[in-house]
Amino acid sequence: MSALEDALLDQIDGAMDGDPDAESRRGGLPDDECDDDRCCKGNGDDAPGFIPASQAHERTPFERMPTPFQKATGPKGVLADYGKYKEYLKEEAMIEAAKRKELMSRLAMTGRTLDSSGHNEEELDEDDLLADDEFMKSYAEKRVLELKQQQLGRPKFGFIREVNAAQYVDAIDKEDKGVNVVIHLYDAYSTPCHVLNQILGLLAKQHPYVKFLKAVARSLSDKFTIDTLPTILVYKGGELVGNFVRLTDRLGDEFVFADVEEFLSVERIIVRELAVPVDESSKRSVSTGFSTSRLQRGTVGRANDDDDDDDE
Numbered sequence: 016m017s018a019l020e021d022a023l024l025d026q027i028d029g030a031m032d033g034d035p036d037a038e039s040r041r042g043g044l045p046d047d048e049c050d051d052d053r054c055c056k057g058n059g060d061d062a063p064g065f066i067p068a069s070q071a072h073e074r075t076p077f078e079r080m081p082t083p084f085q086k087a088t089g090p091k092g093v094l095a096d097y098g099k100y101k102e103y104l105k106e107e108a109m110i111e112a113a114k115r116k117e118l119m120s121r122l123a124m125t126g127r128t129l130d131s132s133g134h135n136e137e138e139l140d141e142d143d144l145l146a147d148d149e150f151m152k153s154y155a156e157k158r159v160l161e162l163k164q165q166q167l168g169r170p171k172f173g174f175i176r177e178v179n180a181a182q183y184v185d186a187i188d189k190e191d192k193g194v195n196v197v198i199h200l201y202d203a204y205s206t207p208c209h210v211l212n213q214i215l216g217l218l219a220k221q222h223p224y225v226k227f228l229k230a231v232a233r234s235l236s237d238k239f240t241i242d243t244l245p246t247i248l249v250y251k252g253g254e255l256v257g258n259f260v261r262l263t264d265r266l267g268d269e270f271v272f273a274d275v276e277e278f279l280s281v282e283r284i285i286v287r288e289l290a291v292p293v294d295e296s297s298k299r300s301v302s303t304g305f306s307t308s309r310l311q312r313g314t315v316g317r318a319n320d321d322d323d324d325d326d327e
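Whatever position you read off the sequence shown (first residue = 1), add 15 for my numbering.
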């Protein structure tokens with residue numbers, strides 16, 4: 016195991032290996048419930064996360080991750096150029112603060128009680144609030160239009176794709192620099208991971224300009240434990256811009272579609288206003304995963320067998 020990988024795992028709370036039950040809950044099997052044919056599926060050598068023994072030590076997703084003292088190039092893991100990203104966030108925050116100041120200045124006009132024509136306070140407030148609503152609506156529409164224009168010419172996805180260790184680096188490095196790449200590191204035997212995969216699959220349909228990936232954590236490193244999962248890493252332009260370990264600490268033990276959508280929106284990974292509409296029943300379906308996931312996963316194989324029989 017390289018020093019870089021050890022450093023990465025230290026950042027991802029690798030000290031949690033002490034759980035005596037962790038080993039029995041670690042999984043290397045793929046979450047095979049994605050209904051998109053473009054996702055990686057298969058058995059044996061074709062299975063997601065499978066690495067032939069001959070290639071096991073040839074390349075890892077963390078192979079090119081630099082130490083904190085090296086110049087950052089390629090996908091960086093949790094260590095690279097984080098200071099730069101923080102500076103970027105400061106600049107973005109300053110821009111947003113200026114925009115908020117403009118909005119607040121406009122909204123402050125509603126503080127008047129009587130104008131020169133003798134309108135009473137109630138009439139004036141109603142008129143001003145109406146004008147403010149129009150202003151804010153116009154501002155929001157302008158912002159959405161700007162974002163849509165930025166997406167022109169960028170690749171579209173619309174599904175969540177499984178990657179293994181050999182595919183991990185290229186899936187990040189070879190992507191358009193303007194695309195957010197969201198990678199869910201999961202364990203196939205973890206209910207939160209299973210539910211999150213279902214929710215991310217639906218969000219991928221809603222946000223086709225965001226690249227959603229999933230990878231069995233243990234296929235990337237055998238030091239990952241279920242206690243650190245689910246983990247989400249976000250890359251943009253080959254740089255790590257988001258590292259969210261053990262997401263249940265943020266979302267709660269039993270989260271639903273709206274929780275994940277809110278989290279990704281707050282972190283500026285997705286933009287709700289750009290979402291493609293989907294059937295509301297789909298959102299409800301993935302949001303009931305904690306109460307039904309074990310039953311569903313136990314019946315997936317039988318359901319697939321029945322489908323195969325019908326095809327014959």
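From the three backbone atoms N, C-alpha and C, an ideal C-beta is built for every residue, glycine too. Bear in mind the structure is a predicted one, so any value in this text is a computation, not a measurement.
To the nearest angstrom, how far is the alpha carbon of Y204 from that of A290? Rounded to the nearest angstrom, the two C-alpha atoms are 30 Å apart.
Here's the rule: buried if 16 or more other CB atoms are within 10 angstroms of the residue's CB, otherwise exposed. What is G168? Counting Cβ neighbours within 10 Å, G168 comes out exposed, since fewer than 16 surround it.
Please report the Cβ distance between Y250 and I175, rounded to the nearest whole angstrom; I am assuming they are in contact, meaning their Cβ atoms lie under 8 Å. The beta-carbon separation of Y250 and I175, rounded to 15 Å, does not stay under the 8 Å limit for a contact.
Quick one: give me the first and last residue of the beta strand (DSSP E) that D167 is part of. It should be noted that the sequence gives Leu, not Asp, for residue 167. From DSSP, L167 is part of no beta strand (DSSP E); its letter is neither H nor E.
So T263 is in the alpha helix (DSSP H); what residue range does that whole segment cover? Element bounds for T263: 263-266.
Look up E177 in the DSSP assignment and say whether it is helix, strand or coil. Strand.
Checking the sheet assignment: what are the DSSP bridge partners for Y250? Y250 pairs with V196, L255.
Comparing C-alpha positions only, which one of A273, F270, I247 sits nearest to T261? Residue identity differs from the one stated: residue 261 is Arg in this sequence, not Thr. Comparing Cα-Cα distances from R261 to each of A273, F270, I247, the minimum goes to I247.
Boundaries (first-last residue) of the alpha helix (DSSP H) holding L244: For L244, there is no enclosing alpha helix (DSSP H), as DSSP marks it with neither H nor E.
Where does F272 fall in DSSP's three states? F272: helix per DSSP, three-state reduction.
List the DSSP bridge partners of Y201. DSSP output for Y201 lists V231 as bridge partner(s).
Grouping DSSP H, G and I as helix and E and B as strand, with all else coil, what is K298? Helix.
For G257, does the count of other Cβ atoms within 10 angstroms reach 16, so buried, or fall short, so exposed? Buried is the call here.
Quick check on this structure: which residue in F239, K192, L217, A232 has the alpha carbon closest to the alpha carbon of V178? Selected option, being the one with the closest Cα: A232.
Confirm, please, whether the CB-CB distance from D185 to P170 is below 8 Å. No.
Between which two residues does the alpha helix (DSSP H) harbouring K238 extend? Element bounds for K238: n/a, residue is neither H nor E.
Pick helix, strand or coil for E111, following the three-state DSSP scheme. DSSP, reduced to helix, strand and coil, places E111 within a helical segment of the structure shown.
In this structure, does DSSP put K189 in helix, strand or coil? Three-state result, K189: coil.
Throw me the rounded Cβ distance for the V197 and F239 pair, which I believe falls under 8 Å. The pair is not a contact, with the Cβ atoms about 18 Å apart (cut-off 8 Å).
Leaving aside the five residues before and after S297 along the sequence, list all residues of the same chain whose C-beta is less than 6 Å from its C-beta, in chain order. Once the five neighbours on either side are set aside, the close Cβ partners of S297 are L217.
Measure from the alpha carbon of L255 to the alpha carbon of each residue in M109, D242, V194, A113, then state which is nearest. Considering only alpha carbons, the answer is V194.
Among all the DSSP beta bridges, which residues are the ones paired with K226? DSSP lists V196 as partners of K226.
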